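The structure appears below as structure tokens.
Chains as they are written, first to last, in my numbering: chain A, 1 to 294; chain B, 1 to 312; chain C, 1 to 435.
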């Protein structure tokens, strides 16, 4: 048996557990429901993966069946003609830059707003708080023209810079929350030892906030990788498109060839899904920690 | 955790050897410098455009002319008579309501079912959360295919189990399309709610539940009187996130139906995009975007107030 | 001030600086090498031919590089505005003419007038006048017409013969045909309207029939007449209500895309599909061993007669902000030169509003039938109708798009739609003058 919980429920080492349903009928019902949902959650994904190996005609003819033969050509075609190698690389660039930027700036500002004396602290916090509640649509139009006037629209910066700027409120509040949870006495002790503020931050407080950092990285990476509207508005050149946009335009170009579409969609999903499966724990811990801390 | 202030000896403020402005600077220097990069970037690329948005809403700019024609409140007056705006708002409200309640209920139910960590817990948790990591485009394409009347698996599945009365052109039927897109969106959002509740359930006080059990309370009573109140915080957070996200929902609708058929799935965010980037009516689009902002703000404030009242 | 904190941050900084170095290169163009960026909508089998045609220009002009990007119709319409407005978008685009499409770009000052080029290269001598008229907005020529379309009903003659079905000539016969075809397990007419614009072409066919080409011309070009008439109502009702109720279409029209409907025709599940001559190439690629014919839509009882609506399908436009106006102009002239025209017709199987010497080309029967119609029209023997959406303002097209979908869903009457069309027409005419 995988579980070793007391059947009557109550306190256990794993935490409190509700009592096991005494009638096995209850157990069956539970599993039935869980399995039903498992199918609902899994089937669409499995379907698209199996379709990636079928020809368009086969997809129309037998959607539920397994592919007759594994048509790897769909995937290679999508990769080259669909320029997914380019799009994936772009997404890597964007994610690295944006996650890096958000983390760096949020740590600094979050730390300051949590633990350093600031005369206008509350005002600054309020300004950032408003940013949390203002949706992207409110700024996207003037931002577009601003980026155009700054000649950034043809470059990677078109997405990187606003991508960082608009996620700062979230990052700052998250990191501030984590920093506030740290004992200030450690900082004081470091200062007593003669460290300057930068040293205190770098050597003492930042290492302690690593769980917060990890959370922010996870959140920000997932968000940026899948971001769609911002690149749609700001990234004008195909060579600079991230994979989310690239997938959409790929779909527009090849609507008739379903095998190719399925292959393209599979390719665009694969990196994140693999990352998720490998680092599952981290993902979920990050999400829950972040949500609960809010 | 409350800031109790710095210990006197290590107080950086005490390090200031001179008073006045340089003393002020010395005391707050670190604070300023740490906040500066973030604040600068934010000011240029968020505050300034937002202010511009307000200004643009009073013009009839088309994005290309050198001068922006000032039209006063004309755009705002146009809001009242704009049928498409009102139907978009209606759709957005439905989206927010259903898109919050369904993931909340289903997510909680799934978390409760897995509370005991039955066999296969890890598998279930992995699968239930996976759709969250997919991009909206991928979800839109996959579900667009599922709904396709010719080769999609939904209609075929329904026919197969004898429910062919239900099969229809899901994304082509104005009465059903919005809910079809909502279903796809909820499919992804539920995973997020689910894991948060899963974690929240771990924090439910064991003493109270044991006591309730000893008192003879049955499962439903325990749920209602002990579990739910303990989850209140988590419910608040999740609801807030879903609500705020719901008002500016764009990606999946745009990618799945583009607002159609016959504007049946037009949300206010998609309408704003079209006005700005397809019709070149920048001034009016700015006005619309401010409508979204105001609604989001009001919803957030109302929500915070309710939460404060609930906590007191 | 900040020393690098960690290898990861250093790497990120280096990456950013590297991008900074790359960025200026991407922002401008080099001195001597000219890169012309073309955006078009050729995504089907003709795409390879188009590549070769562009190549041909690059070969003739060694210091020009061509960067091409092709889009699906909807993606093009969604992103073109922003791309051209950014000042760094494409130089040359292939787009739909008319107030509802290119007209919006002209209003925003994003396209360059081509009158001077037309004079310089003598286009007015080579290109059919009505086509040039179709790409003229506010009295100025903005587009170089590339394709000319006619709209009709494709029928799979091979299957019809196999099943012993007669090709219907009137709508009455068509309804009977639909019953017979359904009984045999076929979809009589494949029609998908999820994008909304396929309905435009159906409306063009019906309304040109009921009010006649001459009245249509006066309505579209001179604003004489009204859309809110019984003839227009009949036109709308016949297709969007009567034929649907007669079971002529596949179910769930609003949920089926244009491409999906076409694939129903290609795979022989449907016997007919109503669309334009632009699909001739795809049809021949996908149905090589079937005999397919294109005929005018069957006659509505009491109408002015069967007619082919026609219009400029696509045209090349030049961005007003392009830094390479001269090269763009040369490219345009190359694209309608006699040699290139032969390739368009012979290999890509398009129909151009030019005189093309087709003697040496291999033309399929289907394409030949279209060429015959166009020649007959040019010679004044056949009067063509007018495809509405490329001549109507955006408000009108919006009303068409939403209204016809709503009628198909059963939530609107043809009378309401006719009235709405007239209202939208008037609103649009006030905003922008008629072509």
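Glycine included, C-beta positions come from ideal geometry on N, C-alpha and C.
These figures come from a predicted structure and were not determined experimentally.
Is there a Cβ from chain A that is less than 9 Å from the Cβ of residue i?
{"i": "residue 23 (chain B)", "result": "no"}
{"i": "residue 77 (chain B)", "result": "no"}
{"i": "residue 305 (chain B)", "result": "no"}
{"i": "residue 63 (chain B)", "result": "yes"}
{"i": "residue 220 (chain B)", "result": "no"}
{"i": "residue 55 (chain C)", "result": "no"}
In angstroms, rounded to a whole number, what distance separates the CA positions of residue i and residue j?
{"i": "residue 270 (chain C)", "j": "residue 262 (chain C)", "result": "9 Å"}
{"i": "residue 138 (chain A)", "j": "residue 26 (chain A)", "result": "51 Å"}
{"i": "residue 233 (chain B)", "j": "residue 102 (chain B)", "result": "18 Å"}
{"i": "residue 121 (chain B)", "j": "residue 273 (chain A)", "result": "19 Å"}
{"i": "residue 10 (chain B)", "j": "residue 200 (chain A)", "result": "Because residue 10 (chain B) carries a pLDDT of 44, less than 50, the predicted location of this residue cannot be relied on, and the following value inherits that uncertainty. In a straight line, the C-alpha of residue 10 (chain B) is about 12 Å away from that of residue 200 (chain A)."}
{"i": "residue 357 (chain C)", "j": "residue 341 (chain C)", "result": "9 Å"}
{"i": "residue 89 (chain B)", "j": "residue 268 (chain B)", "result": "6 Å"}
{"i": "residue 160 (chain A)", "j": "residue 220 (chain A)", "result": "13 Å"}
{"i": "residue 415 (chain C)", "j": "residue 251 (chain A)", "result": "37 Å"}
{"i": "residue 298 (chain B)", "j": "residue 292 (chain B)", "result": "10 Å"}
{"i": "residue 61 (chain C)", "j": "residue 216 (chain A)", "result": "53 Å"}
{"i": "residue 256 (chain A)", "j": "residue 47 (chain C)", "result": "14 Å"}
{"i": "residue 71 (chain C)", "j": "residue 78 (chain C)", "result": "10 Å"}
{"i": "residue 266 (chain B)", "j": "residue 179 (chain C)", "result": "37 Å"}
{"i": "residue 279 (chain A)", "j": "residue 218 (chain A)", "result": "10 Å"}
{"i": "residue 136 (chain A)", "j": "residue 229 (chain A)", "result": "9 Å"}
{"i": "residue 70 (chain B)", "j": "residue 284 (chain B)", "result": "12 Å"}
Residues of chain C with CB under 9 Å from residue i, in chain order?
{"i": "residue 261 (chain B)", "result": "193, 194, 196, 254, 255, 402, 405, 406, 408, 409"}
{"i": "residue 265 (chain A)", "result": "Per Cβ cutoff of 9 Å: no residues; residue 265 (chain A) is ~16 Å from chain C at best."}
{"i": "residue 277 (chain B)", "result": "78, 79, 81, 82, 85"}
Between residue i and chain C, is there a C-beta pair that is closer than 9 Å?
{"i": "residue 252 (chain B)", "result": "no"}
{"i": "residue 243 (chain A)", "result": "no"}
{"i": "residue 170 (chain B)", "result": "yes"}
{"i": "residue 150 (chain B)", "result": "yes"}
{"i": "residue 187 (chain A)", "result": "no"}
{"i": "residue 190 (chain A)", "result": "no"}
Cβ closer than 9 Å: which chain A residues qualify as neighbours of residue i?
{"i": "residue 259 (chain C)", "result": "255, 256"}
Out of the options, which one is the CA nearest neighbour of residue i?
{"i": "residue 195 (chain A)", "options": "B:38, B:24, B:30, B:22", "result": "B:30"}
{"i": "residue 389 (chain C)", "options": "C:312, C:89, C:70", "result": "C:312"}
{"i": "residue 256 (chain B)", "options": "B:32, B:53, B:166, B:144", "result": "B:144"}
{"i": "residue 92 (chain B)", "options": "B:81, B:295, B:300", "result": "B:295"}
{"i": "residue 196 (chain C)", "options": "B:26, B:262, B:27", "result": "B:262"}
{"i": "residue 88 (chain C)", "options": "C:74, C:50, C:122, C:39", "result": "C:39"}
{"i": "residue 178 (chain B)", "options": "B:164, B:152, B:99, B:113", "result": "B:99"}
{"i": "residue 285 (chain C)", "options": "C:387, C:371, C:157, C:366", "result": "C:366"}
{"i": "residue 234 (chain C)", "options": "C:225, C:57, C:207, C:219", "result": "C:207"}
Taking 9 Å as the CB-CB cut-off, is residue i touching chain B?
{"i": "residue 28 (chain A)", "result": "no"}
{"i": "residue 393 (chain C)", "result": "no"}
{"i": "residue 197 (chain A)", "result": "yes"}
{"i": "residue 107 (chain C)", "result": "yes"}
Quick one: list the residues of chain F neighbouring residue i, beta-carbon separation under 9 Å, in chain order.
{"i": "residue 212 (chain B)", "result": "Among the chains of the structure shown, chain F does not appear; the protein chains present are A, B and C."}
In chain A, what lies closer than 8 Å to residue i by C-beta?
{"i": "residue 74 (chain C)", "result": "252"}
{"i": "residue 272 (chain B)", "result": "137"}
Would you mind telling me which residues of chain B sit closer than 7 Å to residue i, beta carbon to beta carbon, in chain order?
{"i": "residue 55 (chain A)", "result": "In chain order: nothing, as chain B lies at least about 12 Å away."}
Whole-angstrom Cβ separation of residue i and residue j, contact assumed at under 8 Å?
{"i": "residue 101 (chain A)", "j": "residue 164 (chain A)", "result": "4 Å"}
{"i": "residue 176 (chain B)", "j": "residue 168 (chain B)", "result": "7 Å"}
{"i": "residue 247 (chain A)", "j": "residue 264 (chain A)", "result": "6 Å"}
{"i": "residue 127 (chain C)", "j": "residue 336 (chain C)", "result": "7 Å"}
{"i": "residue 123 (chain A)", "j": "residue 179 (chain A)", "result": "The pair is not a contact, with the Cβ atoms about 19 Å apart (cut-off 8 Å)."}
{"i": "residue 409 (chain C)", "j": "residue 174 (chain B)", "result": "5 Å"}
{"i": "residue 42 (chain B)", "j": "residue 168 (chain A)", "result": "5 Å"}
Find the residues of chain C that neighbour residue i, judging by a C-beta separation of less than 8 Å, and give them in chain order.
{"i": "residue 173 (chain B)", "result": "252, 254, 255, 409"}
Run down chain B in chain order and give the residues with a C-beta less than 9 Å from the C-beta of residue i.
{"i": "residue 226 (chain A)", "result": "133, 134, 135, 136, 137, 138, 251"}
So is the beta-carbon of residue i under 8 Å away from any non-hydrogen atom of the ligand SAH?
{"i": "residue 104 (chain C)", "result": "Questions concerning the ligand SAH fall outside what the structure shown contains, since it holds no ligand whatsoever."}
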